[in-house]
Structure formats: C-alpha cells, structure tokens
Amino acid sequence: MSATTTTLVSDAPAQSLEQAPPARRPSTLRWRPHHVWPPALVLLGVVVLWEVLTSTLHVSTTVLPGPALVLEATWEDRANLWPAIWTTTKEAVLGVALATVVAVALAVAIDWSRTVRRSFYPLMVTSQTLPIIVLAPLVVIWFGFGTAPKIGLVALFTFFPVAVGTVQGLASADPDAMALLRTMGASRAQLLLRVRAPSAVPQMFTGLKVGVTYAYVSAIFAEYVGAEQGLGVYMQASKNAFRTELVFGAILVTTLLTLALFVGVALLERLAMPWRRPSQSEVDW
Amino acid sequence: MSSVSPLLQADPAGAVQRAPGARLEARSLRKSYRTSEGAEVLALEDASLQAAAGEFVAVIGPSGCGKSTLFHILAGLEDPEAGQVLIDGSVVEQRLGACAFMPQRDGLLPWRRTIDNVTVGLSLAGVPRAEAHERAGPLLERFGLGGFERAWPWQLSGGMRHRAAFLRTALLGRPAMLLDEPFGALDGITRADLQHWLLEVWEQVGSTVLLITHDVAEAVYLADRVYVFSPRPGRVAATLSIELPRPRTLEMLGTQEFAAQEARLREALREHSVR
C-alpha cells in the first residue's frame, strides 16, 4: 500500500466526522417541555373547571361527580378494581399478541405468494369496513363467557391495521437493494429475511400503534356483552349501583391503560429499530 | 461458503490479496422494453464487448443508451432476448452471483452496521458472522472505515458509504466486477479520491473491472480500454485503447498525454452521439 492511499484514507474519516451526526440514541420517548406543557395545562384547566362547576352548582354526583370524588371513590374501591384491571389487561395484551402473530404470518404469505395475495388481500381490505362491534354477540354465542371470546374480539380489532401495515411495509422494500442482493446470489427466502422483513418493521409498528388504541375498548365491549369479570363488568355494575364516580374512575383507568399500552408498543418499536436516525422518530411525537 | 472464493482474504496487514480476473464477453445482446403506452423501445441491439482477464474496461455513452441494461444482463438481473454472456469462454447459465455488481446507489441496508453491510455477501453464502467480521475487519481499516465498523449507514458520509459499498463488492471475491457509475453522485473532491483509491485496489486485486461512466476524464484516468456506446438502441460504436502507462497517478491528469487521450475520447463520443 502506497503512502498516497494512507493519506487519502486517513483523511476521510476526519472529514466525515463533522458530517456524521453524533451517534445518539433515537429519542422516541424523550419528553420535551414545549410538547408536554400546553396539553397538560389545558387538561388541568378542564379538571379545575369541572371540580369548580360540580361543587358550586351542586350537580348530583349520580349525574356528574367531581374529579376529586372520582379519584377518592376509585381509590377506596381499589380492591374491586384490581382484579378487573388484571382480567381486561390480560384480554387486551393477549388479543394484541395473537393479532400480531396472525397478521404478520398472513402478511408474509400475501407477500410471498401471488395466489394468496390475489385471493386474500382484497377480502382483507374490504373486511375492514365491517363494524367488528356487531360481531361481539356472535363471538360470545360461539365461545362462551370466558376469556377466549374477548381475546378473539380484541384480536379482530387489532388485526387489520397490523396486517395491512405489514403487507405495505414488505412491499415497500427498496427494489435496488433487492436487485443487489440477487446479484450476490440471494435466495427468495434470504431476500425476505434480509431485506423485506426489516423494511416492513416501521409500518408494522405504525399499524400496531393504531391497533392497540382499540385493544382495551374492544375488550371492555366484549365484556359488556357477557363476562364474569373485567373493567366492562365493573363499569356496568357501578352503573347499576348508581356509582357514577366509579364509572368515571374506570374510564380514567382505561384511558391510562390504553396510553400505557401505546407507550409500551412505542418502546418496543424503538428497541426493534436501533438503526433509525433520531430525526425520523422525533416526527412521530 | 461454496459460492465465495477465498480470493479476497485479508492478510493481517489488511491488504487485499490478488485474485485472477475472468475473461468477460457479451455477444450480440438484444433487449427491448415496452413503455406504459405500449410502444416498444429497443434498449440494446447487437451489443458486443469483451474484457480480458484483469483488464479495466470503461463503457461510456449518452444517457439512456442501454449501458445499465447491459450491466443488468451481465449481472443476471435480466435476460437478453438474443445473444450470450460468456465468462472465461463458456456460456453461464446462472449469471446471478457470478459477477460482483455495484449499482449507482450504494444500496447499504439501513438496518445493518457498516461491518455487517460490507459482509452481507459472505453472510448470504453462509459464512458465520464471526468469521466474516474477522475477514472484513482489517479491510475496513484499509478502506478508510476504521472506527466506523459499528456505525449505521446514516452516520457515514457520502464518500464512506461508497467505500463501504465498494468493499462489499470486493469482498464477494468474484473474478469480475461490474461498477455502474459508482461515483456519479459524489462531489468532485471525494470523487477524485475514490477514483485514485479504486485504481490502487484494482491493481492489488487484479480482477476484471467493467465500469460505466458519463465522465470522459474518469474513463481515461481509470481504464485500459473504453467502449463508446451509440444512442438507443445501444451498441458499441467505437473502442479506444487508452495509451497511458500504469500505475496511473494524479499527476498524469495535468499532462499533455492525458489531454490528448481525453480529446480522442471526446471526439469519438461526439462523432457517435449524433442521432
């Protein structure tokens, strides 16, 4: 190796160090004050207004309990709430997991085989227009009052966005990268594993983030139709007992749980894609 | 490991070992396309060229003259409607994987770190990751990517990305390399660096190189011979031998001999680019 190359070569990284941004971690979940404060203040304003109005106007607590009462009553009833949370969470998480596994498997099959794509993909897309909620009674008739029908209903809700996202993600693979690996002698399975699958991860997660926002709601709806335990049962029992503050408490808990599930998926997404440059993931928030 | 020859094993100093090049020949290739309006466009017609073992051959011609189509056929991505591709004198049935191909865009996979990107060919061939890393490690240093083994592609500069793409091509250890405008998208300074550095690597490796370029000076500086392609349908309009000694150096760029070769090539291009 000649001296000339040595100089050239050693120059290059120095020059590109300036260009290359520092290797900081993707910051999907970093809190930024200017993102957090405005909505937090609005929320606080609503809660304060709500408290002031309910106490000054002497609204019946059966109609609209104040936030303080909601928090207090919910906390006191926590012994009944915990098992409900646990049951519904189990249904939601298992449903999402089931949906993801089935959706990804079907998406890969659709991507792999033209026959499967032609026969299943149009049905899959059109079936998204079906209001899944109307299936709830049927699911209960078929699978009874246990956990299984709830998991099934949650999975039905979550399935479509994940499947469609994954199919589109697989199809979004860079054709140049595919061609390049083909010239290296890559097989179809290798192309799927090395190029198409990693290309599909971002859109798969986009679908999953949409899907999980329905997870608790669909589990609760399935419980309304018939269940022995869960947040849906808890809400109905509270309603029947005219404990509106506990209904509000359950709604609050459901919101927080949905948010937690969403954040969990976002964390998983970040772990699954360490290669993403920070600016890309910042756009999401 | 079957399809990867052990030609390009790094010695401890990180030099690339010599690999004997293959004789590459295209005979009377023909290829046409159908546009979306249904019109047939003839991209290549009776296109023939050859490169001797270890020869550096450039292909130059106006845009859309079918140069990239030619490379796609040589690399096995497309099949010609007529004609043959021969490697070392025999027709190759399975061209995919026979030559190392470097496309215009670097094609680095965003989810692979530098070291895993340059060894992607080895991993496709079933070489264990640790062994592939061991083989590529010293070469990364040699290719100016030392310290960036674990960087993601977006953390590399344009020049580094191209060096990584070239190392990936070279690590395939194929007897012939097809470089499709590898430096087209780079700025002038980076480009000059990479041209010089490509020459050094080629002089060490000794494999046959076919290079598509738009740049007359690049063709003269790098190649032993230059094929001038005619406008569509693409075919060889002229062949020029570049009469400059090897090894080529940056100092040659300013000489009268270089200017004379450049003028010859420009003249040939002008003559054959008129439709």
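In order, the protein sequences belong to chains A and B.
Numbering-wise, this note's numbering puts 181 at position 181 of the first sequence, and it's gapless, one number per residue.
Numbering-wise, this note's numbering puts 6 at position 6 of the second sequence, and it's gapless, one number per residue.
We put the beta carbon where it would ideally sit given N, CA and C, even for glycine.
Item: Integer-rounded CB distance, given that A192 of chain B should sit under 8 Å from L211 of chain B; Value: Not confirmed; about 15 Å, so no contact.
Item: Chain A within 8 Å of F101 of chain B, Cβ atoms only; Value: yes
Item: Three-state class that DSSP yields for W275 of chain A in the structure shown; Value: coil
Item: Interface flag, A176 of chain B vs chain A, CB-CB below 8 Å; Value: no
Item: Where the beta strand (DSSP E) containing V59 of chain B begins and where it ends; Value: 56-60
Item: I87 of chain B, enclosing beta strand (DSSP E) - first and last residue; Value: 82-87
Item: Straight-line Cα distance separating F120 of chain A from A109 of chain A; Value: 10 Å
Item: Residue ranges of each alpha helix (DSSP H) within the stretch 30-89 of chain A, 4 or longer; Value: 33-56, 67-76
Item: Proximity of F157 of chain A and A215 of chain A at Cβ, strictly below 8 Å; Value: yes
Item: Minimum Cβ-Cβ distance from L109 of chain B to chain A less than 8 Å; Value: yes
Item: Simplified DSSP state of A23 of chain A, which is helix, strand or coil; Value: Note that A23 of chain A scores 46 on pLDDT, short of 50, meaning its location in the model is unreliable; the coordinates nonetheless yield the value given after this. Note: A23 of chain A maps to coil in three-state DSSP.
Item: Environment of Q195 of chain B [buried if 16+ CB atoms lie within 10 Å]; Value: buried
Item: Whole-angstrom distance between S157 of chain B and G254 of chain B, CA atom to CA atom; Value: 29 Å
Item: Chain A contact residues for W202 of chain B, given Cβ-Cβ distances below 8 Å; Value: The premise fails here: W202 of chain B is roughly 12 Å from chain A at the closest Cβ pair, so nothing lies under 8 Å.
Item: Three or more C-beta pairs below 8 Å linking the stretch 125-141 of chain B and the stretch 194-213 of chain A; Value: no
Item: Inter-residue spacing [alpha-carbon to alpha-carbon] between F221 of chain A and K239 of chain A; Value: 15 Å
Item: Residue of A:T126, A:K150, A:L181 minimising C-alpha distance to V195 of chain A; Value: A:L181
Item: Contact the stretch 68-87 of chain A vs the stretch 186-202 of chain A: 3+ CB pairs below 8 Å; Value: no
Item: Whether G184 of chain B touches G61 of chain B by CB criterion (8 Å); Value: no
Item: Beta-carbon separation (whole angstroms), A136 of chain A vs V63 of chain A, contact threshold 8 Å; Value: Incorrect: roughly 28 Å between the Cβ atoms, too far for contact.
Item: Where F242 of chain A falls, given that 16 or more other Cβ within 10 Å makes a residue buried; Value: exposed
Item: Residue burial classification, D187 of chain B (beta-carbon count within 10 angstroms, cutoff 16); Value: exposed
Item: Residue-level contact to chain B via CB, P175 of chain A, 8 Å cutoff; Value: no
Item: Collapsed DSSP secondary structure at T190 of chain B in the structure displayed; Value: helix
Item: The stretch 181-212 of chain A: positions lying closer than 9 Å to chain B by Cβ; Value: L181, R182, T183, M184, G185, A186, S187, Q190, R194, V195, P198, S199, V201
Item: Continuous alpha helix (DSSP H) assignments of at least 4 residues falling wholly in the stretch 120-187 of chain A; Value: 136-143, 148-171, 175-183
Item: Own chain, CB closer than 8 Å to I141 of chain A, minus 5 neighbours either side, in chain order; Value: none
Item: Start-to-end residues for the beta strand (DSSP E) that takes in L167 of chain B; Value: Counting along the chain, L167 of chain B falls outside any beta strand (DSSP E), though it belongs to the alpha helix (DSSP H) covering 158-171.
Item: Cutoff 8 Å: R270 of chain A Cβ touching any chain B Cβ; Value: no
Item: Buried versus exposed, by CB contacts within 10 Å (16 or more), G38 of chain B; Value: exposed
Item: Buried/exposed call for V42 of chain A, threshold 16 Cβ in 10 Å; Value: exposed
Item: Sequence-distant residues of its chain with Cβ nearer than 7 Å to L246 of chain A (five each side left out); Value: A73, T74, D77, S238
Item: Check whether A22 of chain B and D88 of chain B have beta carbons under 8 Å apart; Value: yes
Item: CA-to-CA distance, A268 of chain B to P122 of chain A, given in whole angstroms; Value: 55 Å
Item: S68 of chain B to G146 of chain B span [Cα, whole Å]; Value: 32 Å
Item: Terminal residues of the alpha helix (DSSP H) in which F71 of chain B lies; Value: 67-75
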